[in-house]
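Residue numbers (full-length UniProt numbering), protein chains in the order written: chain A, 1 to 362; chain B, 1 to 362; chain C, 1 to 362; chain D, 1 to 362. The block underneath contains the structure these notes are about, expressed in structure tokens.
Number of protein chains: 4
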Amino acid sequence: MSSNSFGKLFTVTTFGESHGPAIGCVVDGCPPGLAIAPEDFRADLERRATGRTRHTSQRREDDDIEILSGVYEGRTTGTPIALLIRNTDQRSKDYGNIVETFRPGHADYTYWQKYGIRDPRGGGRSSARETTMRVAAGVIARKWLGERHGVRVRGYLSQLGGIVPAAIDLDVVEQNPFFWPDAAQVPELEAYMDALRKSGDSVGARVTAIAEGVPPGWGEPIYGKLDGELAAAMMSINAVKGVEIGDGFAAVSQRGTQHRDEIRLDGFTSNHAGGILGGISTGQPVVVSVAFKPTSSILVPGASVNLAGEPVEVVTKGRHDPCVGIRATPIVEAMLALVLMDQALRHRAQCGDVGTVLPRIP
Amino acid sequence: MSSNSFGKLFTVTTFGESHGPAIGCVVDGCPPGLAIAPEDFRADLERRATGRTRHTSQRREDDDIEILSGVYEGRTTGTPIALLIRNTDQRSKDYGNIVETFRPGHADYTYWQKYGIRDPRGGGRSSARETTMRVAAGVIARKWLGERHGVRVRGYLSQLGGIVPAAIDLDVVEQNPFFWPDAAQVPELEAYMDALRKSGDSVGARVTAIAEGVPPGWGEPIYGKLDGELAAAMMSINAVKGVEIGDGFAAVSQRGTQHRDEIRLDGFTSNHAGGILGGISTGQPVVVSVAFKPTSSILVPGASVNLAGEPVEVVTKGRHDPCVGIRATPIVEAMLALVLMDQALRHRAQCGDVGTVLPRIP
Amino acid sequence: MSSNSFGKLFTVTTFGESHGPAIGCVVDGCPPGLAIAPEDFRADLERRATGRTRHTSQRREDDDIEILSGVYEGRTTGTPIALLIRNTDQRSKDYGNIVETFRPGHADYTYWQKYGIRDPRGGGRSSARETTMRVAAGVIARKWLGERHGVRVRGYLSQLGGIVPAAIDLDVVEQNPFFWPDAAQVPELEAYMDALRKSGDSVGARVTAIAEGVPPGWGEPIYGKLDGELAAAMMSINAVKGVEIGDGFAAVSQRGTQHRDEIRLDGFTSNHAGGILGGISTGQPVVVSVAFKPTSSILVPGASVNLAGEPVEVVTKGRHDPCVGIRATPIVEAMLALVLMDQALRHRAQCGDVGTVLPRIP
Amino acid sequence: MSSNSFGKLFTVTTFGESHGPAIGCVVDGCPPGLAIAPEDFRADLERRATGRTRHTSQRREDDDIEILSGVYEGRTTGTPIALLIRNTDQRSKDYGNIVETFRPGHADYTYWQKYGIRDPRGGGRSSARETTMRVAAGVIARKWLGERHGVRVRGYLSQLGGIVPAAIDLDVVEQNPFFWPDAAQVPELEAYMDALRKSGDSVGARVTAIAEGVPPGWGEPIYGKLDGELAAAMMSINAVKGVEIGDGFAAVSQRGTQHRDEIRLDGFTSNHAGGILGGISTGQPVVVSVAFKPTSSILVPGASVNLAGEPVEVVTKGRHDPCVGIRATPIVEAMLALVLMDQALRHRAQCGDVGTVLPRIP
């Protein structure tokens with residue numbers, strides 16, 4: 001069971017380094033008969049791509065995807081679907097200064113201590129470039145979840161540094177480069193990011209994703225819980241330091257009378273649980289939030305060591321995101337979709353295609 | 001790959017319901033030659049047990065453990081170690097009122113929707129009774145980690161409702177029933193809990209666990225990350241709604257210059273990362289925090305439905321914890337130990353018994 | 001992923017040593033709602049048990065099974081089913097002479113080389129005692145397969161030393177202690193075994209099992225093939241040295257025109273394939289045969305070494321089977337049932353509950 | 001856990017259809033620091049390739065391999081190694097006649113019944129084309145096993161139809177297109193194959209592979225046995241119907257005194273066990289034999305059905321192997337190497353890098 005594979009029944013195995021010849025993935029376990037074409041991937045890959053605005057890395061990734069297997073005459077056949085993207089804009093010289101040193105706060109150091117060797121070009125395997133393939137695999141999951149179960153997954157940036165949305169309107173999220181749910185605040189965010197970039201520093205962010213239409217019953221008890229797998233999925237994204245389901249850490253200071261979601265026949269009265277109880281979906285929207293740390297690749301000098309074990313001062317030039325969380329919304333959505341699809345298949349395996357016992361409560 | 005199993009190479013499979021004949025686990029993959037005796041389990045099981053103080057459930061679990069296999073003449077043989085605890089104090093009649101109804105905020109409802117059948121006695125499989133076996137398995141992991149690698153795992157209650165520790169002194173944690181790190185606040189906590197219990201309500205809590213002595217290099221990139229597996233481990237504990245590594249959600253509003261842990265030859269200057277970068281341990285203490293929701297089993301009536309799909313009002317009598325987080329410290333520690341041991345074996349598989357390349361930085 | 005666990009979605013984890021306190025298993029992934037009672041296990045455990053006739057080991061195992069979890073009011077709940085059997089007839093002194101030496105042809109030697117420690121009592125974990133729990137788990141699989149899909153699994157001894165059945169009549173198999181399909185040959189077998197026992201030697205055997213009613217489509221291509229998993233299942237049984245599907249090794253000298261099973265609308269014209277093509281069931285009976293070696297625990301002295309690395313001569317007293325294959329029929333059947341059930345769930349996960357596209361060919 | 005992945009710690013995931021754009025694999029878990037270059041793959045891929053002699057399929061596969069990831073400056077980095085081969089010689093029109101019909105004895109029929117859709121071009125995913133990537137992954141395993149442990153894996157054709165080798169000389173195997181261990185018989189084989197090809201029929205074969213230098217202790221008890229995993233590995237190869245370890249089915253008619261390998265200080269006196277006892281390597285050569293059925297794609301007409309469920313007569317034109325076993329030797333060797341490498345890492349995980357307790361017996 002590969003550490004580069006995700007999912008039990010809907011399994012995604014990714015490969016590739018930031019500046020190697022290509023990145024790719026193998027998606028195994030997809031049901032047969034799903035229509036999939038290269039065009040299906042474009043919108044989500046573009047949402048995740050760098051180089052779209054001045055607020056993200058200026059590396060320009062074209063991300064033309066090739067379907068190598070598993071699709072015949074436009075439909076999945078039940079065999080593994082391999083997807084490939086050639087790396088094109090690899091200015092490895094940008095990274096020359098980090099070959100001999102370890103950026104403080106970066107995986108450079110731990111890869112070296114673990115393996116005694118690393119591909120330093122663009123962070124190699126530890127680069128967020130890998131998440132491109134999560135988004136690609138997520139496209140397949142989202143399509144199946146939508147067609148088969150009417151599930152819809154959406155996300156937004158729910159905090160940028162100290163700024164929180166004044167309102168949540170999911171319909172405006174796609175209309176600004178921050179995936180921000182309040183259009184009125186966009187100028188404020190732009191000014192904030194411009195100042196940040198000028199300072200050579202970076203900042204953290206919080207992303208929230210929601211899946212609507214998830215039926216009750218998805219998720220396996222104990223060590224295969226829907227929330228447990230979501231936590232693993234989210235924490236496996238680069239730079240993530242925290243995961244919450246529903247109210248998350250706010251539940252620490254809540255009373256039971258506040259937190260519990262009462263059930264009436266016309267619907268739950270609230271969704272503090274984030275749609276999951278005992279590791280199993282309730283039928284309410286599944287809500288997950290994720291904390292992204294500020295990227296460690298910044299212009300402000302920092303103390304570190306080099307390969308020779310000597311003290312050095314590190315400055316990271318190159319084309320980095322001052323806030324990795326900005327482009328992370330599609331990645332969080334993709335991981336939510338991958339987990340849900342896997343759980344849908346697991347549920348079907350054990351409990352069959354039958355529906356739930358009680359009528360679904362809205 | 002069972003959803004009641006945890007870990008890839010050091011695998012724990014648990015079984016049992018709260019009020020069934022017994023609970024138990026099978027621990028597979030333990031290296032041979034480790035000394036293990038029934039006495040080793042007592043201290044940690046006692047720390048987790050109910051019925052010790054008036055602040056936890058009054059169910060009295062004796063938790064006498066029997067080693068059924070895998071140990072010969074006091075030492076592990078490399079074969080699976082089965083542990084068994086008979087359930088003794090099962091007042092199933094306490095739960096009679098919940099057989100026909102679903103407690104709002106409880107797994108009752110989702111188990112029913114998933115399976116169309118559930119063992120209602122004491123919450124059945126969804127009861128925190130299952131975590132007893134996590135603590136038991138954790139004892140084996142902690143012993144091996146300590147003897148083989150000098151790793152020490154400790155934890156404490158880092159928030160109770162709105163109360164946070166005024167000081168962190170790990171040496172006082174074991175001297176009060178709250179696992180609280182500031183002895184001076186214990187009377188305040190007692191008063192708070194007494195009032196809470198009287199109100200028939202419950203409250204959330206936050207637990208933090210720390211592993212000292214973890215060498216650099218543990219953890220597998222991408223989908224087997226040390227933090228990813230910790231997140232899954234913690235989120236799989238009953239009532240958990242959030243997980244943080246190091247600074248966690250606080251990193252959202254930090255700058256890169258604040259968050260990054262600079263490296264000097266005499267040591268890291270800080271540990272915002274919680275000892276993990278790129279999913280791999282840095283050699284600093286591994287720090288994880290967990291949010292527990294207030295338990296849903298409370299005396300204050302709440303709206304719900306019953307098996308017939310009719311609206312009902314639910315009151316949960318019986319012997320429940322008004323704050324499940326209080327007894328959760330040993331569980332969080334155990335899960336941290338289980339993840340570390342599994343990663344230690346995984347690291348050894350791929351990279352061998354050799355140490356790291358650079359000298360370890362304190 | 002434990003090496004003491006079998007199956008991907010219907011997962012059986014066994015534990016226990018031959019002369020430890022108990023053996024047991026945890027069955028995970030069973031669909032909810034299946035009626036299971038302790039009585040269900042009796043017949044198959046009795047078929048596998050020693051001490052029934054003079055032709056098998058005289059160890060008397062009572063094999064009273066206890067259901068520890070996963071069943072509520074007589075029906076499976078979807079949670080793990082733990083089964084326990086206490087070891088009662090453990091004359092460990094019988095084995096005293098093998099503590100310091102390694103029986104030639106026995107796992108004694110390899111366990112010691114692997115682990116540096118072993119439980120020598122009755123072979124410890126390497127004893128065929130473990131297969132009791134396979135038979136127990138197989139009972140659950142057989143019941144579900146029968147009720148849900150009309151699948152029936154049967155087996156027989158298809159060779160004993162040099163003796164092969166003169167006729168195959170599955171209806172007489174349960175009427176003799178050899179699981180032999182030709183009643184007329186039973187006296188010959190009894191005479192053969194009496195002479196063998198007297199000689200202090202042992203002999204090999206071949207067992208064949210058949211599953212009727214398996215629908216087309218079960219089995220996963222490439223590394224999850226139905227026949228691949230059957231091969232692993234059978235080769236994991238103690239003393240097995242070979243596995244065949246359908247014609248097996250006879251296919252080596254066949255022509256394509258001989259081997260292929262032609263398809264007519266009223267049925268396949270033959271079943272050389274043993275019901276599997278490309279790793280997937282065809283709808284014909286699934287047929288698997290297994291070679292058992294002669295047991296190594298015999299009275300005839302043999303050259304070996306001892307713990308000190310000195311040459312010794314080994315004689316194995318104690319209560320051993322002169323032909324382990326005789327009691328193996330229920331074990332082979334059980335493994336066939338376990339593989340089929342796992343594949344049934346896997347098929348349902350990916351392809352749903354729908355039937356096949358073409359009408360089934362008989 | 002993907003059904004297109006093989007191995008637990010050294011994991012190979014393959015993808016691709018016979019006539020799709022490409023085939024490939026992802027090798028995960030390889031230790032860092034192993035030197036790997038595209039040239040390393042050439043010899044083994046050439047050995048497996050079609051079109052080398054008139055006795056195999058005339059499809060000409062160039063099999064130029066591209067390393068897409070996991071290797072930096074010529075050495076493995078510990079991250080996944082992706083290998084890609086473009087399909088070049090795809091004369092799909094050759095297969096036009098099988099789109100609407102099912103070849104008797106072919107996976108055509110079962111894929112259709114399972115998925116309701118299949119890629120008919122060249123057998124799609126069920127084609128032996130997939131085994132190219134097994135050979136490629138096997139190259140990595142063989143190199144690591146050789147460099148790290150001195151293990152050497154070799155194989156030969158041990159039966160072709162009714163012909164068996166008169167002598168076994170592994171040194172001549174690579175000097176004839178049949179991998180035959182007796183040079184004197186090669187003309188006989190050539191005449192046999194010429195006549196077979198002319199008849200439009202096919203024939204079965206048997207392949208044997210041997211691993212020398214395997215240390216004692218590799219293999220995991222019960223369900224992770226070295227022989228169990230070998231059986232799964234071999235049975236997962238296209239057209240395989242049987243697997244034997246050591247004496248295999250011959251053990252059925254052996255006595256215990258014949259079969260057991262006695263141990264003297266200067267060595268085992270025989271190797272009936274094929275180097276494995278109790279699922280764990282003894283230190284003797286590991287010996288495995290595999291039965292290949294005659295291919296079903298032949299010119300002699302056979303009865304079958306078509307997509308409409310009507311009776312048809314099928315003739316398979318195109319470029320097929322009259323004996324798939326001839327080219328199978330490198331595949332069997334590769335699977336043996338993959339299993340051994342996986343077990344080597346698994347052994348290291350649980351038992352560390354230490355050697356065995358007793359001195360190794362030759």
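Idealized CB from N, CA, C, for every residue including glycine. Remember, predicted model here, so these are calculated numbers, not experimental data.
| Asked | Found |
| --- | --- |
| Just to check my reading of the structure: T269 of chain A and P216 of chain A have Cβ atoms closer than 8 Å, yes? What is that Cβ distance to the nearest angstrom? | That belief does not hold up - the Cβ atoms of T269 of chain A and P216 of chain A are roughly 17 Å apart, past 8 Å. |
| Is there a C-beta anywhere in chain D that falls below 7 Å from the one on G352 of chain B? | yes |
| Using the DSSP secondary-structure output, state which residues sit across from D28 of chain A in a beta bridge. | A:T11 |
| In this structure, how does DSSP classify K143 of chain A when only helix, strand and coil are distinguished? | helix |
| If we define contact as Cβ-Cβ less than 7 Å, is G138 of chain D a contact residue for chain C? | no |
| Suppose the cutoff is 8 Å on Cβ atoms and the five residues either side in sequence are ignored; what does the same chain contact list for P21 of chain B look like? | R86, N87 |
| Strictly below 7 Å CB to CB, what residues from chain D border G213 of chain B? | Correct list: empty, because the minimum Cβ distance to chain D is about 19 Å. |
| For the alpha helix (DSSP H) containing L45 of chain B, name the first residue and the last one. | 39-48 |
| Going along chain A, which residues have a C-beta under 8 Å from T295 of chain C? | Near T295 of chain C there are no residues of chain A at all, since even the closest Cβ is about 35 Å away, more than 8 Å. |
| Report the residue from B:H259, B:G162, B:N176 whose alpha carbon sits nearest the alpha carbon of P187 of chain B. | B:N176 |
| Using 8 Å as the cut-off, can you tell me whether the segment 260-267 of chain D makes contact with the segment 184-204 of chain D, which would need three or more C-beta pairs spanning the two stretches below that distance? | no |
| Can you give me, in chain order, the residues of the segment 68-87 of chain D that have a beta carbon less than 8 Å from any beta carbon in chain B? | G78, T79 |
| If you reduce the DSSP assignment to three classes, tell me which class E174 of chain C lands in. | helix |
| Can you check whether the CB of D201 of chain C is closer than 7 Å to the CB of I298 of chain C? | yes |
| Using 7 Å as the threshold, is the C-beta distance between G213 of chain C and G150 of chain C below it? | yes |
| Starting from K114 of chain B, trace the alpha helix (DSSP H) in both directions and tell me its first and last residue. | 107-115 |
| What three-state label does DSSP hand S126 of chain D in the structure shown? | helix |
| If you run the structure through DSSP and keep just helix, strand and coil, what is V71 of chain A? | strand |
| Looking at the structure shown, is L307 of chain D part of a helix, part of a strand, or coil, going by DSSP? | coil |
| Comparing C-alpha positions only, which one of D:D40, D:T101, D:H55 sits nearest to L83 of chain D? | D:D40 |
| Are three or more beta carbon pairs between the segment 152-160 of chain A and the segment 309-327 of chain A nearer than 8 Å? | yes |
| Within 7 Å (strictly less), CB to CB, does R125 of chain D reach chain A? | yes |
| Where does A167 of chain C sit, in a helix, a strand or coil, going by DSSP? | coil |
| Mind checking if G275 of chain C is an interface residue toward chain A, Cβ cutoff 7 Å exclusive? | no |
| Could you tell me which uninterrupted beta strand (DSSP E) segments, each at least 3 residues in length, are contained entirely in the segment 281-342 of chain C, listed from first to last along the chain? | 286-292, 302-305, 311-314 |
| How many whole angstroms separate the CB atoms of A231 of chain A and A232 of chain B, which I take to be in contact at a CB cut-off of 8 Å? | 5 Å |
| Should P31 of chain D be flagged as near chain B, meaning a C-beta pair shorter than 7 Å? | yes |
| When the cut-off is 7 Å and only beta carbons count, does R348 of chain B lie next to chain D? | yes |
| Can you confirm whether the segment 22-37 of chain A touches the segment 134-151 of chain A when touching is taken to mean that 3 or more C-beta pairs between the two stretches lie within less than 8 Å? | yes |
| According to DSSP, simplified to helix, strand and coil, what is I85 of chain B? | strand |
| To the nearest angstrom, report how far apart A239 of chain A and D119 of chain A are at their CA atoms. | 19 Å |
| Between the Cα of C351 of chain C and those of D:L68, D:S289, D:K114, spot the shortest distance and give me the residue it belongs to. | D:K114 |
| In whole angstroms, what is the alpha-carbon distance linking V332 of chain D and S289 of chain D? | 9 Å |
| For Q159 of chain B, list the residues DSSP reports as bridge partners. | B:R206 |
| Can the beta-carbon of G122 of chain C be found less than 7 Å from the beta-carbon of H19 of chain C? | yes |
| Applying a beta-carbon distance threshold of less than 7 Å, which residues of chain C neighbour P221 of chain A? | T79 |
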